[in-house]
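Residues in the sequence shown are numbered consecutively from 12, following our numbering.
For reference, the structure discussed in these notes is given below.
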Amino acid sequence: MIYLPIDPETQWKRVQSRYGERPDQTWQMSEEELMKWRAFFNENEPDEAELNGTILEDAPPGYESWSSWAASRWPSFPNEYA
């Protein structure tokens with residue numbers, strides 16, 4: 012997985028463009044909704060160790076692996092390492 016920071020204006024333009032070009036592969040989102048999601052992800056921004064590929068030791072309580080944790084939050088993320 013690659014983390015690429017993006018400024019709010021560019022992201023909003025991309026969201027609008029993506030929906031305009033392929034509405035069958037995405038959903039419409041308001042700028043307010045985007046800002047709420049940005050706030051959530053900014054709270055969980057990867058730290059230097061994660062960006063450098065440091066392996067995290069234990070998955071959060073209730074999850075057998077980090078991929079099962081990620082798949083519970085992002086349904087399109089494959090839970091292939093369980």
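We treat Cβ as the ideally placed atom computed from N, Cα and C, and that holds for glycine.
Nearest-angstrom Cα separation, counted from P71 out to A60: Taking the straight line from one Cα to the other gives about 17 Å.
Presumed contact (8 Å Cβ cut-off) between T37 and R49, rounded CB distance: With a beta-carbon spacing of about 17 Å, T37 and R49 fall beyond the 8 Å limit used to define contacts.
CB contact flag (W23, L45, <8 Å): Yes, Cβ-Cβ distance for W23 and L45 is below 8 Å.
Alpha helix (DSSP H) runs wholly inside the segment 18-78, at least 4 long, in chain order: Under the rule that a run must span 4 or more residues, the alpha helix (DSSP H) segments found entirely inside the segment 18-78 read 19-32, 42-54, 59-62.
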